[in-house]
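Visitor: Just remember that this note's numbering sits 343 ahead of the position in the sequence shown, which is counted from 1. Cβ atoms here follow ideal geometry from the backbone N, Cα and C, with glycine treated the same way. Right, I'll just put the structure down here and ask away after.
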Amino acid sequence: MKEKEKKQKKSNIAKASNAENSSQSLSALQYLKAVGRGILALPVGALVNALGAIVLGAPVGIEYLPKTINWSLLMSSFMFVPAASVFGSSSPHWQRIFAHTKPNESLEYMICIPAHGALIGAWFGAWPMPLDWERPWQDWPICVTYGAITGYLVAMVVSLGFALVHGGRQHLKRD
């Protein structure tokens with residue numbers, strides 16, 4: 344009888360171990376998929392940011408191309424990579440976070456607010472560029488980069504506050 348109980352315990356331990364290993368492999372697979380989505384989002388977001396910057400007046404020319412690419416990659420890492428890593432290609436999530444600005448949970452606050460903060464910071468950083476002060480920090484994209492980084496950092500602190508305050512609550516539609 345004791346032999347049978349020992350075999351049963353070993354069998355239960357093996358089943359638990361297999362379940363744990365499968366959940367770890369599933370977790371690792373999800374992690375790798377998120378990393379892959381982030382890597383794919385980096386150049387796509389950079390292209391969107393570069394086109395947006397050029398449309399809004401960024402200098403165009405071969406001497407400005409490396410600077411524009413670097414700035415676009417920075418902005419993409421602030422705006423697109425976190426959202427793509429978490430949401431993938433789910434358009435309802437992207438619309439709710441970026442178009443409607445209505446995050447529902449802590450993670451969404453931590454994605455939405457810093458992305459908007461980086462964009463607003465870059466916008467504010469662009470204001471001194473056209474002034475005729477002839478300072479080296481007014482060159483493209485120095486002001487815009489400092490503004491984006493500052494906006495992102497401030498927004499990270501703000502989003503942490505929002506996540507702590509609104510943490511477990513869901514926004515429910517009221518009639």
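Quick one: Cα of PRO409 to Cα of PHE505, how far?
Guide: Indexing the sequence shown from 1 puts residue 409 at position 66. Indexing the sequence shown from 1 puts residue 505 at position 162. A straight line joining the alpha-carbon of PRO409 with that of PHE505 spans about 36 Å.
Visitor: Are three or more beta carbon pairs between the stretch 447-467 and the stretch 376-384 nearer than 8 Å?
Guide: no
Visitor: Do ALA401 and TRP483 have their C-beta atoms within less than 8 Å of each other?
Guide: Taking the sequence shown and counting its residues from 1, one reaches residue 401 at position 58. Taking the sequence shown and counting its residues from 1, one reaches residue 483 at position 140. In contact: ALA401 and TRP483 (Cβ atoms closer than 8 Å).
Visitor: Does the distance from the C-beta atom of LEU462 to that of MET499 stay below 8 Å?
Guide: On the sequence shown, residue 462 is found 119 positions in, with the first residue counted as 1. On the sequence shown, residue 499 is found 156 positions in, with the first residue counted as 1. No.
Visitor: So, helix, strand or coil for GLY379, using DSSP?
Guide: As a first step, residue 379 is located in the sequence shown; it is residue number 36 there, counting from the start. Three-state result, GLY379: helix.
Visitor: Restricting to Cα atoms, I'd like to know which of MET472, ALA427, LEU507, GLY464 is closest to SER449.
Guide: Working through the sequence shown from its first residue, we reach residue 449 at position 106. Checked all of MET472, ALA427, LEU507, GLY464; the closest Cα to SER449 is LEU507.
Visitor: Only counting the same chain, and skipping five residues up and downstream in sequence, which positions put a Cβ closer than 6 Å to that of GLY494?
Guide: For the purposes of this step, residue 494 is identified with residue 151 of the sequence shown, where counting begins at 1. So the list reads GLY460, ALA461, ILE463, GLY464, once near-sequence residues are dropped.
Visitor: Which value, in whole angstroms, describes the spacing of the CA atoms of VAL424 and ALA377?
Guide: Locating residue 424 in the sequence shown gives position 81, where the first residue counts as 1. Locating residue 377 in the sequence shown gives position 34, where the first residue counts as 1. Rounded to the nearest angstrom, the two C-alpha atoms are 10 Å apart.
Visitor: Identify which residue in TYR452, ALA442, GLN438, SER415 has its Cα closest to the Cα of VAL487.
Guide: Counting from 1 along the sequence shown, the entry for residue 487 is found at position 144. It is SER415 whose Cα lies nearest to the Cα of VAL487.
Visitor: Could you give the first and the last residue of the continuous alpha helix (DSSP H) run that contains SER419?
Guide: Counted from its first residue, the sequence shown places residue 419 at position 76. Its alpha helix (DSSP H) spans residues 408-430.
Visitor: For SER434 versus ARG380, is the C-beta distance shorter than 8 Å?
Guide: Against the sequence shown, residue 434 aligns to sequence position 91. Against the sequence shown, residue 380 aligns to sequence position 37. Cβ distance not < 8 Å, so SER434 and ARG380 don't count as in contact.
Visitor: For ALA539, which residues of its own chain have a beta-carbon under 6 Å away from its beta-carbon, when the five flanking residues on both sides are left out?
Guide: The requested residue 539 does not occur in the structure, where the chain is confined to residues 344 to 518.
Visitor: Return the CA-CA distance between VAL501 and GLY395, expressed in angstroms with no decimal places.
Guide: The residue labelled residue 501 in the question sits at position 158 within the sequence shown. The residue labelled residue 395 in the question sits at position 52 within the sequence shown. About 26 Å.
Visitor: Assign THR411 to one of two classes, buried (16 or more other C-beta atoms within 10 Å of its C-beta) or exposed (fewer than that).
Guide: Your numbering for residue 411 matches position 68 in the sequence shown. By the neighbour-count rule (16 or more Cβ atoms within 10 Å), THR411 is buried.
Visitor: With distances taken from CA atoms, which of GLY404, ALA469, SER370, VAL398 is nearest TYR489?
Guide: The residue labelled residue 489 in the question sits at position 146 within the sequence shown. Considering only alpha carbons, the answer is ALA469.
Visitor: Looking at the unbroken alpha helix (DSSP H) that takes in PHE520, where does it start and where does it end?
Guide: The question about residue 520 has no answer here: the residues shown for the chain are numbered 344 through 518.
Visitor: Taking the alpha helix (DSSP H) that HIS509 belongs to, which residues open and close that run?
Guide: If you number the sequence shown from 1, residue 509 lands on position 166. Its alpha helix (DSSP H) spans residues 485-509.
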